[in-house]
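Here's the structure we're looking at; comments come further down.
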Amino acid sequence: MQSATSFFNRALFRKNLQRFWPLWLGYVLIWLLLLPLPLLNELADYHGVPTVADTSYSLLQIGAYGGLVMGAVFGIFFAMAMFAYLTNPRATQGFHSMPVRRETLYATNYLTGLVCMVSALVLAFALAGITAACFGALDLTALGTALLAAVLSVLFFYSFAVLCMMFTGQILAAPVFYGTLNFLAVGMEYLVRTFAGNFLYGYSGYSAPETFAFLSPAWELVCVLDVSNVARVDRILSDGTYQVIRGGEYMLSGLGVLVIYAAVGIVLAVLGLLVYRRRASEATGSIVTVAWARPIFKYGVAVCAAFSLGQLIYFLVFGLNLHNGQYSLPGTIACMLFTGLLGYFAAEMLLHKSFRVWRTGRVGALVFSAVLVCFGVAMSLDLTGYEGYTPDAEEVEFVSVYLSSNGDYLSCKLDEPESIERTLAAHRAMIADKARQLSYARTTYETPADAPVDSYLYFTVTYTLTDGRVVRRSYVDCRAFSRELNEPGSVAQTMTALLNCPEAALDRVLGKLADDKSNAYLTGGYYDVVSDGAYGEDDGELTAAQASTLVSALRRDYEAGRTANASLFEDTRYSGSFYVELELWYILRSDGKMVGTAMVTDYGEITKSSSPAASRSINVIVTPDMSETLGALAEMGVETPATARGF
Numbered sequence: 000m001q002s003a004t005s006f007f008n009r010a011l012f013r014k015n016l017q018r019f020w021p022l023w024l025g026y027v028l029i030w031l032l033l034l035p036l037p038l039l040n041e042l043a044d045y046h047g048v049p050t051v052a053d054t055s056y057s058l059l060q061i062g063a064y065g066g067l068v069m070g071a072v073f074g075i076f077f078a079m080a081m082f083a084y085l086t087n088p089r090a091t092q093g094f095h096s097m098p099v100r101r102e103t104l105y106a107t108n109y110l111t112g113l114v115c116m117v118s119a120l121v122l123a124f125a126l127a128g129i130t131a132a133c134f135g136a137l138d139l140t141a142l143g144t145a146l147l148a149a150v151l152s153v154l155f156f157y158s159f160a161v162l163c164m165m166f167t168g169q170i171l172a173a174p175v176f177y178g179t180l181n182f183l184a185v186g187m188e189y190l191v192r193t194f195a196g197n198f199l200y201g202y203s204g205y206s207a208p209e210t211f212a213f214l215s216p217a218w219e220l221v222c223v224l225d226v227s228n229v230a231r232v233d234r235i236l237s238d239g240t241y242q243v244i245r246g247g248e249y250m251l252s253g254l255g256v257l258v259i260y261a262a263v264g265i266v267l268a269v270l271g272l273l274v275y276r277r278r279a280s281e282a283t284g285s286i287v288t289v290a291w292a293r294p295i296f297k298y299g300v301a302v303c304a305a306f307s308l309g310q311l312i313y314f315l316v317f318g319l320n321l322h323n324g325q326y327s328l329p330g331t332i333a334c335m336l337f338t339g340l341l342g343y344f345a346a347e348m349l350l351h352k353s354f355r356v357w358r359t360g361r362v363g364a365l366v367f368s369a370v371l372v373c374f375g376v377a378m379s380l381d382l383t384g385y386e387g388y389t390p391d392a393e394e395v396e397f398v399s400v401y402l403s404s405n406g407d408y409l410s411c412k413l414d415e416p417e418s419i420e421r422t423l424a425a426h427r428a429m430i431a432d433k434a435r436q437l438s439y440a441r442t443t444y445e446t447p448a449d450a451p452v453d454s455y456l457y458f459t460v461t462y463t464l465t466d467g468r469v470v471r472r473s474y475v476d477c478r479a480f481s482r483e484l485n486e487p488g489s490v491a492q493t494m495t496a497l498l499n500c501p502e503a504a505l506d507r508v509l510g511k512l513a514d515d516k517s518n519a520y521l522t523g524g525y526y527d528v529v530s531d532g533a534y535g536e537d538d539g540e541l542t543a544a545q546a547s548t549l550v551s552a553l554r555r556d557y558e559a560g561r562t563a564n565a566s567l568f569e570d571t572r573y574s575g576s577f578y579v580e581l582e583l584w585y586i587l588r589s590d591g592k593m594v595g596t597a598m599v600t601d602y603g604e605i606t607k608s609s610s611p612a613a614s615r616s617i618n619v620i621v622t623p624d625m626s627e628t629l630g631a632l633a634e635m636g637v638e639t640p641a642t643a644r645g646f
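Position one of the sequence shown corresponds to residue 0 (numbering that gives the first Met the number 0), numbered consecutively onward.
Shown next as structure tokens:
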């Protein structure tokens, strides 16, 4: 018998291996089927000489994603196996009566599962490395990175699963807790955002990145892990131009995040030990074995049931034929209250192992009901001031605007003081018009006959403040009326003013080329003269010099005010019988050198950095008002109708 003060018990370790070798063997076999055998088949059937890049890609893909899935699934299986005695009262008493400290029991069982999982990984990746080496396609860096990613996943998910085992005395509750906690944060964030999107005017949480996704490990790792090409400078042309080739090497993105999760896994393993030391043996068989965690479980189940089942029931019973503006907040709160109380008392029954829980749970039920009702009242009255908030102009560093209408649209970043003021004015007009905008949506999804709509609007604004905060608002299915164009402060007047502010007009004409200090380098372009709806009658490519001349002409037209005629109610660019479509190509500079995005084709060909495939581009519509640009086109030999040249 080992000393009572020993940290590791060899006899227990060997006993665990003898008891759970089928699970260990199954884990090993699955890894062999995932990695070395498919790799052998792939390399053996490869037409030609296998490349190191192909092997690296396969190794990194399986190491990242295969390691993630296998670690997440088998982590809970091994944790349940190693600590199964904690769910059986007789086994618990037997283990705890041994002259072995709990620290020794915990460490030995924990290390047994970890050794089983890591040894299987080492075996599978070693065989994969030998296989790749036999075909001359081994990349030790990729092999080591893939193995490291798989081991880090195992370390986190297994530790997390062991911690879940410490909190329950029911063997089947452990995988439920484990699976739920892996997605709880991102799921609840989605449900809360759905609720807010239905009832908060201007809420834009749907488009914002998840704030608490990092608390849902499986989801976060699926999102951040990625195997991609490594971009490298391949050649320098005679004019000093760099051509960037993507291909040849692969890298695993997100490995740093995986390292952080693995470090957290070590912390979770230590926390599991601390919980195990204070866990009462008599708690075996309970759904939650730790006293302070029971209220968290009870109210957590209630909140999850309210936001998930409550909203689902309201949608299925009342909301199938409704749209966001027509949902009833009291009706939704009532459904959430009903399902939340069901979840609360269900949790009480599980905790007390009895159906008679009214007396013990009624106070908590009243507290939960009061909090949920207050939440609904605060939402309906906008006590937080969310709907009416706009930042001060001095607080805004820049603002990103997207405005779509029946006419022209705007999608750009604005940082000039005048542009910010016009954006704030349009935003405030939308807030002031809340009652009317919502009345249209709540009456019917179609606009009432007595309220003719000249334009539907989709308005999204994102303020980046000087202190680093970001404020987003989004207004969907809104209305604007041409009869209100001359009414100061109206939606139509302020939105039109925003469309035609100098910075927005310049962006509409030149896009990314609007900035004089831009690192863009023009490489050419394409033009197409459209007359009476006919395309292709006069079209062709533009040289880099011609494209540069046209950009200068477009800038002169902008400075002369010939581009600030955008409208919410008609697309001014295409409204005439004549216009010219321009597509201008450019590449970006880096440290004074042009950097293209050339690609290697399947046949080893390199695309030229001056071709459309390697360039970025902007599209411009030249209208008859833009005389400078039309004149520049005429000097290039582009035929334009006489009606257009008369300006």
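Beta carbons are placed, not taken as given, at the ideal position from N, Cα and C, and that holds for glycine.
Secondary structure note for VAL316: it is in no alpha helix (DSSP H), with a DSSP letter that is neither H nor E. Note: VAL621 is bridge-paired with VAL579 in the DSSP secondary-structure output.
Here GLY93 is exposed. Its C-beta has fewer than 16 other C-beta atoms within 10 Å.
By a beta-carbon distance limit of 8 angstroms, LEU59 contacts ALA145. Their separation comes to about 5 angstroms. The C-alpha of THR288 is placed about 10 angstroms away from the C-alpha of ARG277. About 6 angstroms separates the beta carbon of LEU567 from that of ALA491, a gap short enough to meet the 8 angstroms contact definition. Burial check for THR495: the Cβ neighbour count within 10 Å reaches 16 or more, so the residue is buried.
By the CB criterion at 8 angstroms, THR622 and ARG572 fall inside the cutoff.
Counting every other CB atom within 10 Å of its CB across the protein chains shown gives GLU638 a total below 16, marking it as exposed. Secondary structure in the region 386–413: no alpha helix (DSSP H) run of 4 residues or longer lies completely within the stretch.
Note on geometry: alpha-carbon atoms of GLY186 and ASP537 lie some 55 angstroms from one another.
Its Cα nearest to that of GLY284, the residue GLN169 stands out among VAL398, VAL460, GLU502 and GLN169.
Annotated three-state conformation of THR522 is strand, per DSSP. Residue environment analysis places TYR388 among the exposed positions, since fewer than 16 neighbouring C-beta atoms fall within 10 angstroms of its C-beta. In the structure shown, the three-state DSSP call for PHE458 is strand.
The C-alpha of THR86 lies about 17 angstroms from the C-alpha of ARG18. In the same chain as GLU347, and ignoring 5 residues on each side of it, the C-beta atoms closer than 6 angstroms to its own belong to VAL356 and GLY360, in chain order. Burial check for ASP44: the Cβ neighbour count within 10 Å stays below 16, so the residue is exposed.
The alpha-carbon of VAL398 is positioned some 16 angstroms away from that of ASN499.
Positions of the beta strand (DSSP E) runs, each at least 3 residues long and wholly inside the region 460–489, are given as 469–479 in order along the chain. Here the C-alpha atom of ARG293 lies approximately 23 angstroms from the C-alpha atom of TYR157.
Apart from sequence neighbours up to five positions away, the residues of its chain that approach ALA431 with a beta-carbon distance below 8 angstroms are GLY488, ordered along the chain. Within the region 23–105, the runs of alpha helix (DSSP H) at least 4 residues long that lie entirely inside it are, in chain order, 35–43, 51–60, 66–81 and 88–95. Along the length of the region 115–148, whole beta strand (DSSP E) runs at least 3 residues long do not occur. Residue environment for GLY74: buried (at least 16 other C-beta atoms within 10 angstroms of its C-beta).
Note: GLY264 is not bridge-paired with any residue in the DSSP secondary-structure output. Counting only the Cα atoms, GLY201 lies some 14 angstroms from LEU402.
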